[in-house]
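Enquirer: For the sequence shown, full-length UniProt numbering begins at 1 and goes up steadily by one.
The beta-carbon is built from N, C-alpha and C at its ideal position, and this holds for glycine as well.
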Amino acid sequence: MSEPVPAAPSLGFSAKPDVQDMLAHWRRWMESEKAVSRHTLSAYTADVGEFLRFLTEFRGGSPPSLNDLGDLKAADFRAWMSRLAMDGLVGASRARKLAAVRNLFRWMDRSGRLHNPAVATLATPKVKRPAPRPLTEIDADRLLEEAERDRDEPWIGKRDRALFTLLYGCGLRISEALGLARKDAPLGDTLRVTGKGRKDRMIPVLPAVTEAVRAYIDSCPFTLAPDGPLFVGARGGRLNASVAQHQMQKLRALMGMPDSATPHALRHSFATHLLADGGDLRAIQDLLGHASLSTTQRYTDVENEQLMNVYRNAHPRARKA
Numbered sequence: 001m002s003e004p005v006p007a008a009p010s011l012g013f014s015a016k017p018d019v020q021d022m023l024a025h026w027r028r029w030m031e032s033e034k035a036v037s038r039h040t041l042s043a044y045t046a047d048v049g050e051f052l053r054f055l056t057e058f059r060g061g062s063p064p065s066l067n068d069l070g071d072l073k074a075a076d077f078r079a080w081m082s083r084l085a086m087d088g089l090v091g092a093s094r095a096r097k098l099a100a101v102r103n104l105f106r107w108m109d110r111s112g113r114l115h116n117p118a119v120a121t122l123a124t125p126k127v128k129r130p131a132p133r134p135l136t137e138i139d140a141d142r143l144l145e146e147a148e149r150d151r152d153e154p155w156i157g158k159r160d161r162a163l164f165t166l167l168y169g170c171g172l173r174i175s176e177a178l179g180l181a182r183k184d185a186p187l188g189d190t191l192r193v194t195g196k197g198r199k200d201r202m203i204p205v206l207p208a209v210t211e212a213v214r215a216y217i218d219s220c221p222f223t224l225a226p227d228g229p230l231f232v233g234a235r236g237g238r239l240n241a242s243v244a245q246h247q248m249q250k251l252r253a254l255m256g257m258p259d260s261a262t263p264h265a266l267r268h269s270f271a272t273h274l275l276a277d278g279g280d281l282r283a284i285q286d287l288l289g290h291a292s293l294s295t296t297q298r299y300t301d302v303e304n305e306q307l308m309n310v311y312r313n314a315h316p317r318a319r320k321a
């Protein structure tokens, strides 16, 4: 009887030594060459680990070696996809896990470790991406006004208003806003943001954003070091995204807004309102930092839906229908 294979350090799952070594090189490649975020690296590693655990169970308890991975057939990958579906995972989740495993096998092929084209023959699970759900311009303005009204800690109210104004006024992701250093505060005409894939983009800064950020900085009771975080929590450390989510949750409950009113909805609102005012789709793509225009084109679906709602509510013939 063979000895159990230990869990790979920092991976969180069991793997044979040759697979452990291969995964370590793959992770380093994703970090250095692909410049993926820590979140993406963690998610891809977990998805690959789940695949390897399935193979271990599928093979009767023996973790696969590198040679075993090279011998996998399309039926083996389909069996894994079927298991995920039976476990109740929706198409989007299955597609993400398959993307992680495909990424690994493509890298192994290109780096000369093994060649197995079987995974490339699988169809990607169908994913129905919901259209973004932005706030109306009126609701966005109301929310920013209400965010500042923190009677217990006025500076926290100013912080929340500054953060949410930045998301709405510049279209930032919450992670991008919370990742800003004090020295990068948007107090000028433009803001340089490092987004996904460590790609930089320049974004125009509205006076309303500058004013809100300046008011927050002036009221903050903590010394904000140039290289330290711009947005801090109640104890002076970097503000956590979950705190921002909780603050938004309190606001939408207070204002009777739907659950779709999240910090990310402010980014959706930025794009949708720009498009409604005649903004160029390519320019909006650059402002949002989207790698693909198809991602930005989802906002045209929202705009078209809103136009149809206006038509249904305003056109005499539509009202009679």
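Report yes if the CB atom of residue 330 is closer than 7 angstroms to the CB atom of residue 63, and no otherwise.
Expert: Coverage of the chain is limited to positions 1 through 321, which leaves residue 330 absent and any answer about it impossible.
Enquirer: Could you give the DSSP three-state label for residue 191: helix, strand or coil?
Expert: Against the sequence shown, residue 191 aligns to sequence position 191. Residue 191: strand per DSSP, three-state reduction.
Enquirer: With DSSP collapsed to three states, give me the class of residue 227.
Expert: Along the sequence shown, read from residue 1 onward, the residue named residue 227 stands at position 227. Correct three-state label for residue 227: coil.
Enquirer: Going by beta-carbon coordinates alone, are residue 322 and residue 167 separated by less than 7 angstroms?
Expert: Outside the displayed range of the chain (1 to 321) lies residue 322, so it cannot be described from this structure.
Enquirer: Taking 7 angstroms as the threshold (C-beta atoms), are residue 100 and residue 72 in contact?
Expert: Counting from one through the sequence shown, the residue named residue 72 turns up at place 72. Counting from one through the sequence shown, the residue named residue 100 turns up at place 100. For residue 72 and residue 100, no; Cβs fall outside 7 angstroms.
Enquirer: Below 8 angstroms, how does it come out for the stretch 31-48 and the stretch 197-210: are there three or more Cβ pairs, yes or no?
Expert: Flag = yes, the stretch 31-48 and the stretch 197-210 touch.
Enquirer: Given residue 316, which residues of its chain have a CB within under 7 angstroms of its CB, disregarding the five upstream and five downstream residues?
Expert: Indexing the sequence shown from 1 puts residue 316 at position 316. Confidence at residue 316 is low in this model, with a pLDDT of 43, below 50, so its placement is unreliable and the value that follows should be read with caution. Excluding residues within five positions, none has a Cβ falling inside 7 angstroms.
Enquirer: Tell me the rounded alpha-carbon separation between residue 20 and residue 82.
Expert: Here residue 20 refers to the residue found at position 20 of the sequence shown. Here residue 82 refers to the residue found at position 82 of the sequence shown. Cα to Cα, the separation comes out at about 26 angstroms.
Enquirer: Which residues bound the beta strand (DSSP E) around residue 200?
Expert: Residue 200 sits at position 200 when you count from the first residue of the sequence shown. Its beta strand (DSSP E) spans residues 200-204.
Enquirer: Residue 243: which of 180, 174 and 192 sits nearest, CA to CA?
Expert: The sequence position of residue 243 within the sequence shown is 243, counting from 1. Comparing Cα positions, the closest option is 174.
Enquirer: Between which two residues does the alpha helix (DSSP H) carrying residue 169 extend?
Expert: For the purposes of this step, residue 169 is identified with residue 169 of the sequence shown, where counting begins at 1. Residue 169 -> alpha helix (DSSP H) spans 154-170.
Enquirer: Measure the C-alpha to C-alpha separation of residue 239 and residue 187 and round it to an integer number of angstroms.
Expert: Counted from its first residue, the sequence shown places residue 239 at position 239. Counted from its first residue, the sequence shown places residue 187 at position 187. Cα-Cα distance, rounded: 19 angstroms.
Enquirer: May I ask you to report which of helix, strand or coil DSSP gives residue 37?
Expert: The residue given as residue 37 occupies position 37 in the sequence shown. Three-state result, residue 37: coil.
Enquirer: Determine the DSSP secondary structure at residue 267, reduced to helix, strand or coil.
Expert: Against the sequence shown, residue 267 aligns to sequence position 267. DSSP places residue 267 in helix when its eight states are reduced to three.
Enquirer: Name the residue from 208, 179 and 148 whose alpha carbon lies nearest to the alpha carbon of residue 189.
Expert: The residue given as residue 189 occupies position 189 in the sequence shown. Checked all of 208, 179 and 148; the closest Cα to residue 189 is 208.
Enquirer: What is the rounded straight-line gap between the Cα of residue 23 and the Cα of residue 98?
Expert: Along the sequence shown, read from residue 1 onward, the residue named residue 23 stands at position 23. Along the sequence shown, read from residue 1 onward, the residue named residue 98 stands at position 98. The alpha-carbon atoms of residue 23 and residue 98 are separated by roughly 16 angstroms.
Enquirer: Would you kindly report the start and end of the unbroken alpha helix (DSSP H) that includes residue 25?
Expert: Locating residue 25 in the sequence shown gives position 25, where the first residue counts as 1. Here the alpha helix (DSSP H) through residue 25 covers 17-32.
Enquirer: What's the gap between the Cα of residue 270 and the Cα of residue 93?
Expert: The residue you call residue 270 lines up with position 270 of the sequence shown. The residue you call residue 93 lines up with position 93 of the sequence shown. Roughly 27 angstroms separates the two Cα atoms.
Enquirer: Tell me, to the nearest whole angstrom, how far the beta carbon of residue 66 is from that of residue 114; I am working on the premise that it is less than 8 angstroms.
Expert: On the sequence shown, residue 66 is found 66 positions in, with the first residue counted as 1. On the sequence shown, residue 114 is found 114 positions in, with the first residue counted as 1. Rounded, the Cβ-Cβ distance is 6 angstroms, consistent with contact.
Enquirer: DSSP on residue 181, reduced to helix/strand/coil?
Expert: For the purposes of this step, residue 181 is identified with residue 181 of the sequence shown, where counting begins at 1. Residue state, collapsed to three classes: strand.
Enquirer: What's the call for residue 291, buried or exposed, on a 16-neighbour Cβ count within 10 Å?
Expert: The residue given as residue 291 occupies position 291 in the sequence shown. Flag for residue 291 reads exposed.
Enquirer: Taking the C-alpha atoms as reference points, what is the distance between residue 254 and residue 211?
Expert: For the purposes of this step, residue 254 is taken as residue 254 along the sequence shown, with counting starting at 1. For the purposes of this step, residue 211 is taken as residue 211 along the sequence shown, with counting starting at 1. So the alpha carbons of these two residues sit roughly 25 angstroms apart.
Enquirer: Reducing DSSP to helix, strand and coil, say where residue 282 ends up.
Expert: By 1-based counting over the sequence shown, the position of residue 282 is 282. Three-state result, residue 282: helix.
Enquirer: Throw me the rounded Cβ distance for the residue 25 and residue 137 pair, which I believe falls under 8 angstroms.
Expert: Translated into the one-based positions of the sequence shown, residue 25 becomes position 25. Translated into the one-based positions of the sequence shown, residue 137 becomes position 137. Actually they are not in contact, since the Cβ atoms of residue 25 and residue 137 sit about 50 angstroms apart, beyond 8 angstroms.
Enquirer: Here's the rule I'm using: 16 or more other beta-carbon atoms within 10 Å means buried, otherwise exposed. How should residue 262 be labelled?
Expert: If you number the sequence shown from 1, residue 262 lands on position 262. The residue is buried, with at least 16 neighbouring Cβ atoms inside 10 Å.
Enquirer: My guess is that residue 163 and residue 177 are in contact by the Cβ rule of under 8 angstroms, so how many angstroms apart are they, rounded?
Expert: By 1-based counting over the sequence shown, the position of residue 163 is 163. By 1-based counting over the sequence shown, the position of residue 177 is 177. With 8 angstroms as the limit, residue 163 and residue 177 qualify as a contact, their Cβ atoms being about 6 angstroms apart.
Enquirer: By the three-class DSSP mapping on this structure, what secondary structure does residue 59 have?
Expert: Sequence index remark: in the sequence shown, residue 59 carries index 59 (1-based). Correct three-state label for residue 59: coil.
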